[in-house]
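Numbering (the working numbering), first residue to last: 234 to 438.
Built from N, CA and C at the ideal position, the CB exists for glycine as well.
What follows is a short report on a single structure.
Here it is, written out as structure tokens:
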């Protein structure tokens, strides 16, 4: 690497400084200061702010299921297209895919008897277990179904069987929707079915 002598460096520095000074004084056509008044920070704060443009887009609405209607006291819904309705009872109604018996959706409606009180948390706790389950389901984040807060419990309750249960207490009725999955359905398919069925729910019955 070639190094310069101190004298050469000083000469270069002096020459550069002189050029800067001359360039600053060489033109008088441009005004030294802008004619536009400066905006103070107080004036800037008084100016209306621009609307935000980076807000998150709205989540697209889920298309409600339009298959066979399911009805129990206090609640109606539709099964996914092409699903087959099972036997209807006073307290339950369900459907399943053609040729499949384990995977299904079932609506339940039971009254809250007498002076008993049943809260959303009570029903959620009761719904984490069932007589035909080897393991308990776990409570998930609550959701809103037809404008009403509803619990969600889910999990693998038997070998090869998962469940998703949604429910609420409304007008002295315990209303639940249970999805059973026994065919190894992936998460995307389960979410699609659940979303479409819940979107079709009418809690007016």
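- Span of the beta strand (DSSP E) around residue 382: Along the chain shown, read from residue 1 onward, the residue named residue 382 stands at position 149. That run of the beta strand (DSSP E) goes 381-391.
- Message: Please state whether the Cβ-Cβ distance between residue 413 and residue 319 is less than 8 Å.
- Response: Stepping through the chain shown from its first residue, residue 413 is reached at position 180. Stepping through the chain shown from its first residue, residue 319 is reached at position 86. Their beta carbons are not under 8 Å apart, which means residue 413 does not touch residue 319 by this criterion.
- Buried or exposed for residue 368, please, with buried defined as at least 16 other CB atoms from any protein chain shown within 10 angstroms of its CB. Position 135 of the chain shown, counted from the first residue, corresponds to residue 368. Residue 368 is exposed by the Cβ-count criterion.
- Query: Since residue 344 sits in a beta bridge, which residues does DSSP pair it with?
  - Reply: To locate residue 344, count along the chain shown from 1; it is residue 111. Answer is 406.
- Give the single residue among 352, 295, 313 whose Cα lies nearest to the Cα of residue 404. Along the chain shown, one-based indexing puts residue 404 at 171. Residue 352 is the option with its Cα nearest to residue 404.
- Message: Considering only their Cβ atoms, is the gap separating residue 307 from residue 360 smaller than 8 Å?
- Response: Counted from its first residue, the chain shown places residue 360 at position 127. Counted from its first residue, the chain shown places residue 307 at position 74. No, the pair does not count as a contact, with Cβ atoms beyond the cut-off.
- Do residue 326 and residue 305 have their C-beta atoms within less than 8 Å of each other? The residue you call residue 326 lines up with position 93 of the chain shown. The residue you call residue 305 lines up with position 72 of the chain shown. Going by C-beta atoms, residue 326 is nearer than 8 Å to residue 305.
- Measure the beta-carbon distance from residue 310 to residue 398 and round it to whole angstroms, keeping in mind my assumption that it falls under 8 Å. Reading the chain shown from its first residue, position 77 is the one you call residue 310. Reading the chain shown from its first residue, position 165 is the one you call residue 398. Between residue 398 and residue 310 the Cβ distance is about 14 Å, and since that is not below 8 Å, they are no contact.
- Within 10 angstroms of the Cβ of residue 370, are there 16 or more other Cβ atoms? Answer buried if so, exposed if not. Taking the chain shown and counting its residues from 1, one reaches residue 370 at position 137. Per the 10 Å Cβ criterion, buried.
- If I'm right that residue 411 touches residue 339 with Cβ under 8 Å, what's the distance once you round it to whole angstroms? Indexing the chain shown from 1 puts residue 411 at position 178. Indexing the chain shown from 1 puts residue 339 at position 106. About 5 Å; that satisfies the 8 Å criterion.
- Alpha-carbon to alpha-carbon, residue 401 and residue 381: Within the chain shown, residue 381 is the residue found at index 148, counting from 1. Within the chain shown, residue 401 is the residue found at index 168, counting from 1. Distance between the alpha carbons of residue 381 and residue 401 is about 8 Å.
- If you draw a straight line from the C-alpha of residue 433 to the C-alpha of residue 355, how long is it? Stepping through the chain shown from its first residue, residue 433 is reached at position 200. Stepping through the chain shown from its first residue, residue 355 is reached at position 122. Cα-Cα distance, rounded: 25 Å.
- According to DSSP, is residue 368 helix, strand or coil? In the chain shown, counting from the first residue as 1, residue 368 sits at position 135. Note: residue 368 maps to coil in three-state DSSP.
- Task: Express the C-alpha separation of residue 301 and residue 406 in angstroms, rounding to a whole number.
- Result: Here the question's residue 406 lines up with position 173 in the chain shown. Here the question's residue 301 lines up with position 68 in the chain shown. Between residue 406 and residue 301, the C-alpha separation is close to 23 Å.
- Simplified DSSP assignment, three categories, for residue 298: Taking the first residue of the chain shown as 1, we reach residue 298 at position 65. Correct three-state label for residue 298: coil.
- Using CA coordinates, which residue listed in 374, 418, 366 is at the minimum distance from residue 357? As a first step, residue 357 must be located in the chain shown, where it is residue number 124. The candidate whose alpha carbon is nearest that of residue 357 is 374.
- Query: Going by DSSP, which residues form a beta bridge with residue 175?
  - Reply: Residue 175 lies beyond the stretch modelled for the chain, which goes from 234 to 438, so this question has no answer here.
- Sort out for me which residues DSSP pairs residue 308 with in a bridge. As a working note, residue 308 is residue 75 in the chain shown. Residue 308 pairs with 305.
- Query: Considering residue 376, what are the terminal residues of the beta strand (DSSP E) in which it resides?
  - Reply: Stepping through the chain shown from its first residue, residue 376 is reached at position 143. Here the beta strand (DSSP E) through residue 376 covers 376-378.
- Task: Whole angstroms is fine: what's the gap from residue 299's alpha carbon to residue 324's?
- Result: Translated into positions along the chain shown, residue 299 becomes position 66. Translated into positions along the chain shown, residue 324 becomes position 91. In a straight line, the C-alpha of residue 299 is about 22 Å away from that of residue 324.
- Item | Beta-carbon proximity check, residue 313 vs residue 426, cutoff 8 Å | In the chain shown, counting from the first residue as 1, residue 313 sits at position 80. In the chain shown, counting from the first residue as 1, residue 426 sits at position 193. In this structure, residue 426 lies closer than 8 Å to residue 313 by Cβ.
- Message: Based on DSSP bridge pairs, tell me the residues matched to residue 357.
- Response: Start at 1 with the first residue of the chain shown, and residue 357 comes out as number 124. DSSP output for residue 357 lists no bridge partner at all.
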